[in-house]
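Visitor: When the letters of the sequence shown are read in order and numbered with the numbering used here, they come out as residues -19 to 179.
No residue lacks a Cβ here, since even glycine has one placed at the ideal position from N, Cα and C.
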Amino acid sequence: MKLPSISHPAEALILAKIAPAVLERARQVRVMAFDVDGVLTDGCLWYGENGELMKRFNALDGHGLRLMRESGIVVALITGREGPILARRAAELGIALVQQGIRDKAQAIIALAQEQGCPLSEVGYMGDDIIDLAALQRVGFAASVPNAPAYVSQVAHWVSSKPGGSGAVRECCDLILAAQGRLSAFFAPNALLMSGAVQ
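What follows is the structure, encoded as structure tokens:
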């Protein structure tokens, strides 16, 4: 299948070092799911004196997820942990597909594909730990982070240059959007105003 023409220098910059096979996989993505701890966050769990849990999210990642949604790509978050923090962050970003307390992520991915009416070849997943392995092995576009264990990152089609919680998700979003020729639309002056303030 022919790749779309690159219409902005930023797209060419992003795609310059990406293997053609990876670009083709990224180009097929209609649904993209992300793990949370270690992908959207740095994996650290901060506890206050009263036992309250805190996590750090990256604004660049948030804006990347928003750009994906605005481009028509379905975004989902799938995590093994549970808590109100993720629900709040997802609500800020307008992400409705949030699954918490999931141990069988492969089954969750299969169900997500069925719900969205697309084959697994058009689903992507980004994960970083053992619990993510089976899901990564089933999707058309498997992504990971450089701080993941080697036995996880080696099954990924693409590994970000930035670690989890530090722009890895944004890097993934930019890659998918650029591969599909969708990123250039956001460089128009009015597009930035439409992309929303919350990141």
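What's the gap between the Cα of ASP15 and the Cα of VAL55?
Guide: Counted from its first residue, the sequence shown places residue 15 at position 35. Counted from its first residue, the sequence shown places residue 55 at position 75. Cα to Cα, the separation comes out at about 11 Å.
Visitor: Nearest-angstrom Cα distance between ALA71 and LEU25?
Guide: Working through the sequence shown from its first residue, we reach residue 71 at position 91. Working through the sequence shown from its first residue, we reach residue 25 at position 45. ALA71 and LEU25: Cα-Cα distance of roughly 21 Å.
Visitor: Within 10 angstroms of its Cβ, does GLN117 collect 16 or more other Cβ (buried), or is it exposed?
Guide: One-based indexing of the sequence shown puts residue 117 at position 137. With fewer than 16 Cβ atoms within 10 Å of its Cβ, GLN117 is classed as exposed.
Visitor: Leaving aside the five residues before and after LEU66 along the sequence, list all residues of the same chain whose C-beta is less than 7 Å from its C-beta, in chain order.
Guide: Taking the first residue of the sequence shown as 1, we reach residue 66 at position 86. Contacts found: VAL16, LEU57, THR59, VAL78, GLN80.
Visitor: Can you check which of these residues, VAL119, GLY145, ALA114, is closest to TYR131 by C-alpha distance?
Guide: Numbered from its first residue, the sequence shown carries residue 131 at position 151. Checked all of VAL119, GLY145, ALA114; the closest Cα to TYR131 is ALA114.
Visitor: For ILE82, verify whether its CB is less than 6 Å away from any heavy atom of the ligand MG.
Guide: Although the ligand MG was asked about, the structure shown includes no ligands whatsoever.
Visitor: Would a C-beta distance cut-off of 7 Å place GLN96 and VAL11 closer than the cut-off?
Guide: As a working note, residue 96 is residue 116 in the sequence shown. As a working note, residue 11 is residue 31 in the sequence shown. Going by C-beta atoms, GLN96 is nearer than 7 Å to VAL11.
Visitor: On a CA-only basis, which of SER140, GLY147, ALA91 is nearest LEU45? Give me that one, please.
Guide: Taking the sequence shown and counting its residues from 1, the one referred to as residue 45 is at position 65. Ranking the options by Cα distance to LEU45, first place goes to GLY147.
Visitor: Quick check on the DSSP output: the alpha helix (DSSP H) that includes LEU92 runs from which residue to which?
Guide: On the sequence shown, residue 92 is found 112 positions in, with the first residue counted as 1. Run containing LEU92: 85 to 96, per the alpha helix (DSSP H) assignment.
Visitor: According to DSSP, what are the bridge partners of SER124?
Guide: For the purposes of this step, residue 124 is taken as residue 144 along the sequence shown, with counting starting at 1. In DSSP, SER124 forms a bridge with VAL139.
Visitor: Pull up the distance between the alpha-carbon of GLY52 and that of TYR27, whole angstroms please.
Guide: Residue numbering aside, residue 52 sits at position 72 when the sequence shown is read from its first letter. Residue numbering aside, residue 27 sits at position 47 when the sequence shown is read from its first letter. Between GLY52 and TYR27, the C-alpha separation is close to 37 Å.
Visitor: Excluding sequence positions up to five away, which residues of its chain have a Cβ less than 6 Å from the Cβ of ARG150?
Guide: Here residue 150 refers to the residue found at position 170 when the sequence shown is read from its first residue. The answer, listed in chain order, is LEU40, ASP41, GLY44.
Visitor: Give me the DSSP bridge partner(s) of LEU77.
Guide: For this step, residue 77 is matched to residue 97 along the sequence shown. LEU77 pairs with ALA56.
Visitor: Decide if GLU102 is buried, meaning its Cβ has at least 16 other Cβ atoms within 10 Å, or exposed.
Guide: Here residue 102 corresponds to residue number 122 of the sequence shown, with the count starting at 1. Counting Cβ neighbours within 10 Å, GLU102 comes out buried, since at least 16 surround it.
Visitor: Buried or exposed, going by whether 16 or more other CB atoms sit within 10 Å of the CB of LEU(-7)?
Guide: Taking the sequence shown and counting its residues from 1, one reaches residue -7 at position 13. Exposed, since its Cβ has fewer than 16 Cβ neighbours within 10 Å.
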